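If you read the protein sequences in the order shown, they are chains A and B.
So the first sequence is residues 395 to 734, counted in my numbering.
So the second sequence is residues 395 to 734, counted in my numbering.
What follows is a set of notes on a single structure, which appears directly below.
Number of protein chains: 2
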Amino acid sequence: MSKKTDVEVRGSRKHMIRIGICGYGNLGKGVESEIKKHSDMELVAIFTRRKPVESVQIKSKVPVVHIDSAIEWKDKIDVMILCGGSAKDLPVQGPKLAKIFNTIDSFDTHAKIPDYFKAVDDSAKSGNNVSIISVGWDPGMFSLLRLYMNSISPNGKTYTFWGKGVSQGHSDAIRGIKGVENAIQYTIPVDEAMEMVRNGENPELTTREKHTRLCYVVASNEADEDRIEKEIKEMPNYFADYDTTVYFVSQYELQTKHSKLMHGGNVIHMGKTGDGNNHVIEFSLKLDSNPEFTASVLLVYARAAYKLSAKGENGARTVFDIPPILLSELNAEEVVKNLL
Amino acid sequence: MSKKTDVEVRGSRKHMIRIGICGYGNLGKGVESEIKKHSDMELVAIFTRRKPVESVQIKSKVPVVHIDSAIEWKDKIDVMILCGGSAKDLPVQGPKLAKIFNTIDSFDTHAKIPDYFKAVDDSAKSGNNVSIISVGWDPGMFSLLRLYMNSISPNGKTYTFWGKGVSQGHSDAIRGIKGVENAIQYTIPVDEAMEMVRNGENPELTTREKHTRLCYVVASNEADEDRIEKEIKEMPNYFADYDTTVYFVSQYELQTKHSKLMHGGNVIHMGKTGDGNNHVIEFSLKLDSNPEFTASVLLVYARAAYKLSAKGENGARTVFDIPPILLSELNAEEVVKNLL
């Protein structure tokens with residue numbers, strides 16, 4: 395952090411947190427769009443795996459840099475936000491970039507989080523950086539709420555419902571079927587199941603009882619729609635355990651009616667106190683744009699990583715480790731006055 | 395913390411967090427009831443202002459001690475949970491006991507929080523203790539959610555609605571009217587106002603538009619009900635700015651139908667990302683017992699205060715300062731595995 399740009403804020407000089415984006419897909423574009431909301435942050439460069447870098451057209455007036463040259467930006471970036479995918483990008487980029495920069499990522503392959511944490515932790519410690527992993531809304535905000543609910547009400551039961559929302563993984567799975575030109579898959583929570591939880595019935599819910607799946611599919615002209623529908627509904631892991639509905643639509647209808655990457659969900663906890671008193675705690679998100687909201691969460695944790703690093707800390711962290719105050723642009727006095 | 399009681403947990407010895415309760419009203423009784431849910435905590439004594447202490451009948455088999463003898467318990471209690479009221483008890487007890495013990499309180503006189511924080515901070519530092527103030531659900535959980543929402547979505551707007559729930563302050567105000575034998579007042583959020591917020595209309599809501607007030611009143615036989623109703627509805631600060639409904643009922647009906655101290659509320663945030671994409675974030679509580687749930691929150695922050703003190707920290711804190719992981723009885727590996 396040798397070079398710093400400062401701005402005059404309320405009479406005192408404030409350091410601008412210099413942000414790099416690594417990966418320019420939907421999430422990277424979201425970070426680029428939402429960073430403008432934070433007066434203490436500035437975007438300094440966007441990094442890409444693609445060659446030539448000129449092939450990547452971005453909206454901002456900042457350099458596009460190949461990821462192999464990231465080391466040259468070590469002193470020009472306070473926090474690198476990793477916007478790659480959990481399957482292929484992050485397992486490589488996370489540990490590699492945590493040696494150079496403070497980093498934030500949204501790693502969400504749940505079973506592999508402990509190994510990923512260890513790899514990033516080792517790198518971040520060796521580079522004296524802070525890396526907050528698995529940030530977003532789930533894992534992320536939903537995880538936090540599950541922790542708060544379960545701590546406060548340890549004998550209760552927490553349920554997570556997702557949707558209505560577009561699942562990229564499931565949409566991709568349908569697109570991989572022969573004869574499918576395009577597809578969008580919505581995950582839909584079962585209202586009756588949510589009501590049972592809210593009513594304190596403590597239901598044991600199967601996968602099928604919690605969510606349904608709704609698919610809009612564009613088939614090529616010669617394709618056999620019955621065969622495609624059957625292949626979708628019987629696909630193991632993705633669809634076989636769910637009640638799935640398939641509609642065949644035109645490319646035009648898909649683009650005009652199903653282009654928004656909406657998502658959201660509910661974390662609902664039901665517990666008891668005293669002599670049979672119930673309490674229901676619920677947190678919900680309804681998002682028109684999943685990547686833009688996820689980007690918004692990544693940005694405030696970038697602020698926290700910057701503050702922790704400035705205090706001399708290093709190593710990997712999760713959202714559970716971060717004092718809420720570090721997320722805010724306001725100081726301690728302001729949050730007590732305005733939000734407590 | 396010279397004396398420690400340990401328990402064998404999963405093969406390793408775990409220190410039991412020794413809890414004292416100061417004040418045996420509804421909140422203190424809630425802490426006494428809910429501490430049993432936490433396997434790492436034990437109640438060691440209940441402190442009272444009343445004399446003789448034998449006049450205080452408690453449920454637990456622990457000593458009842460006069461508050462003036464609290465100093466004698468310095469090495470026998472890890473965290474003292476202050477269950478007195480914000481008006482008269484806490485301004486005195488908070489700073490006084492923070493010199494002796496780690497403390498938790500639910501101070502909720504909003505305008506006076508900065509001064510109270512300062513007084514407790516000075517005491518806690520001089521006694522090398524950690525004191526977390528203004529803990530509960532509002533201030534407390536609702537404050538946290540307001541901070542998360544406003545940080546992630548700084549251009550959005552946050553609304554807090556309370557109820558349906560019993561307001562002790564408003565019930566007491568009615569009981570102070572001549573000819574009133576008993577009364578319960580419910581604060582009720584206006585559904586239409588909540589829907590406007592959820593629909594992204596960003597309404598400017600007056601006090602009257604957000605909540606209504608519903609009063610069940612037991613009048614003495616000779617009392618003039620019209621006069622009582624008028625006095626309630628015109629009471630400044632408490633009722634004059636609200637649409638208030640008054641029902642006169644029998645003492646029997648009040649006791650059988652309105653004895654539960656239910657409460658709750660909703661924090662709703664509406665914001666925008668990108669090119670006109672909306673998001674709605676909502677947190678809600680529906681509580682059969684306000685004091686028992688508040689007690690549940692105090693207990694997990696007692697755990698956090700104990701952990702911070704064990705790390706050598708001291709001074710006053712608010713919920714904004716506390717890393718969520720400190721609230722949990724689970725360790726870092728377990729929360730990552732089970733809740734992230």
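Glycine included, C-beta positions come from ideal geometry on N, C-alpha and C.
Treat the numbers as computed from the prediction; the structure is a model and nothing was measured.
Cross-strand partners of N631(A) (DSSP beta bridge): Its beta-bridge partners do not exist; DSSP assigns none.
Exposed unless 16 or more other CB atoms sit within 10 angstroms - verdict on D483(B): buried
Stretch pair the stretch 715 to 730 of chain B + the stretch 451 to 468 of chain B: three plus CB contacts closer than 8 Å: no
Span of the beta strand (DSSP E), counted from its first residue to its last, around Y580(A): 574 to 583
Residue closest to T554(A), alpha-carbon to alpha-carbon, out of R569(A), S537(A), I546(A), S545(A): S537(A)
Three-way DSSP call (helix, strand, coil) for N522(B) in this model: Note: N522(B) maps to coil in three-state DSSP.
Residue from S565(B), E595(B), S528(B), L721(B) whose Cα sits closest to the Cα of I507(B): S528(B)
Chain B residues whose Cβ lies nearer than 7 Å to that of V686(A): Here the sequence assigns Glu to residue 686(A), which means Val is not the residue at that position. Chain B residues near E686(A): T667, G668, N671.
Cβ of R412(B) within 8 Å of any chain A Cβ: It does not: the Cβ of R412(B) has no partner Cβ on chain A nearer than 8 Å.
Assigned secondary structure, N593(A) (DSSP; H/G/I helix, E/B strand, else coil): coil
8 Å contact criterion, which I413(B) and V438(B) should meet: CB distance rounded: 7 Å
Cβ-heavy atom distance, K445(B) to the ligand NAP, below 7 Å: Ligands in the displayed structure: none, and consequently the ligand NAP is not present.
Cβ pair count under 8 Å reaching 3, the stretch 613 to 620 of chain B against the stretch 580 to 594 of chain B: no
Residue of V694(B), I415(B), N660(B), E616(B) minimising C-alpha distance to G557(B): Ranking V694(B), I415(B), N660(B), E616(B) by Cα distance to G557(B) puts N660(B) first.
Interface partners of V691(A) on chain B, CB under 8 Å: Residues of chain B passing the Cβ test: I546.
Partners in chain A for E436(B), counting only beta-carbon separations shorter than 9 Å: Near E436(B) there are no residues of chain A at all, since even the closest Cβ is about 15 Å away, more than 9 Å.
Chain B contacts from the stretch 456 to 484 of chain A (Cβ-Cβ distance under 9 Å): none
Simplified DSSP state of E676(B), which is helix, strand or coil: Strand, per DSSP.
Which residues DSSP lists as bridging V473(B), in chain order: Residue pairing by DSSP puts V473(B) in a beta bridge opposite I413(B), N496(B).
Minimum Cβ-Cβ distance from I549(B) to chain A less than 8 Å: Reading off the sequence, residue 549(B) comes out as Asn, not Ile. It does: the Cβ of N549(B) has a partner Cβ on chain A nearer than 8 Å.
For N725(A), the nearest candidate out of D434(B), A505(B), L541(B) (CA to CA): Checked all of D434(B), A505(B), L541(B); the closest Cα to N725(A) is L541(B).
For K624(B), three-class secondary structure by DSSP: helix
Euclidean distance between Cα positions of D502(A) and P533(B): 32 Å
M435(B) - DSSP class collapsed to helix/strand/coil: strand
Partners in chain A for H409(B), counting only beta-carbon separations shorter than 9 Å: Those within 9 Å of H409(B) in chain A number zero; the least Cβ separation is about 18 Å.
Contact check, S517(A) vs A492(A), beta carbons under 8 Å: yes
Short CB-CB distance (under 8 Å) between Y542(B) and chain A: yes
Buried or exposed (CB count within 10 angstroms, at least 16 for buried), P630(A): exposed
Collapsed DSSP secondary structure at Y553(B) in the structure displayed: strand
Residue range of the unbroken alpha helix (DSSP H) whose run includes A567(B): 562 to 569
Residue of I662(A), D434(A), T667(A) minimising C-alpha distance to K551(A): I662(A)
Opposing strand residues paired with K666(A) [DSSP bridges]: N672(A)
Contacts that S678(B) makes with chain A (C-beta to C-beta distance below 9 Å): V674, I675, E676, F677, S678
Contact set between T340(B) and chain A, taken where Cβ atoms lie within less than 7 Å: Absent from the structure is residue 340(B), since the part of chain B shown begins at 395 and ends at 734.
N708(B) versus G530(B), S547(B), N522(B), residue with shortest Cα-Cα distance: Of the residues G530(B), S547(B), N522(B), the one whose Cα lies closest to the Cα of N708(B) is N522(B).
Identity of the residues DSSP links to D637(B) by a beta bridge: T606(B)
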